[in-house]
Amino acid sequence: MNRILLIARREFLAYAKTVGFWLSLLAFPLFAVLGGAIPALMNHAEPVREAVIIDETPAGSGLAAAVSQALERERGRADIAALRMAAVPEAGT
2 MNRILLIARR EFLAYAKTVG FWLSLLAFPL FAVLGGAIPA LMNHAEPVRE AVIIDETPAG
62 SGLAAAVSQA LERERGRADI AALRMAAVPE AGT
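For the sequence shown, my numbering begins at 2 and goes up steadily by one.
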């Protein structure tokens, strides 16, 4: 039995000398305190004063139409650039 305790003691001391052991030993109480403090801090927070409503309908606002037009123009430019690249003969043929 004495040999088993000697081996267990040696293994524990080898593990206790590692940085990970000490970090986990100190981090657990810190996280426990933070876990208890966060809900208490949230209860003392100010309520939300403003709310934003986003209209995602296609005809909802002029902004949606402007964005759609800009995207269409960009797509058109990309198509024209691709056609120009396809029309240019390769060098050396």
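C-beta atoms are modelled at their ideal positions from N, C-alpha and C, and glycine is treated no differently.
If I measure Cβ to Cβ from residue 16 and keep anything under 6 Å in the same chain, skipping five residues before and after, which residues do I get? 22
Reduced DSSP secondary structure (H/G/I, E/B, other) of residue 46: coil
Coarse secondary structure for residue 55, derived from DSSP in three states: coil
Give the straight-line distance between the Cα atoms of residue 77 and residue 33, rounded to the nearest whole angstrom. 57 Å
Grouping DSSP H, G and I as helix and E and B as strand, with all else coil, what is residue 90? coil
Taking DSSP as the reference, what is the three-state secondary structure of residue 85? helix
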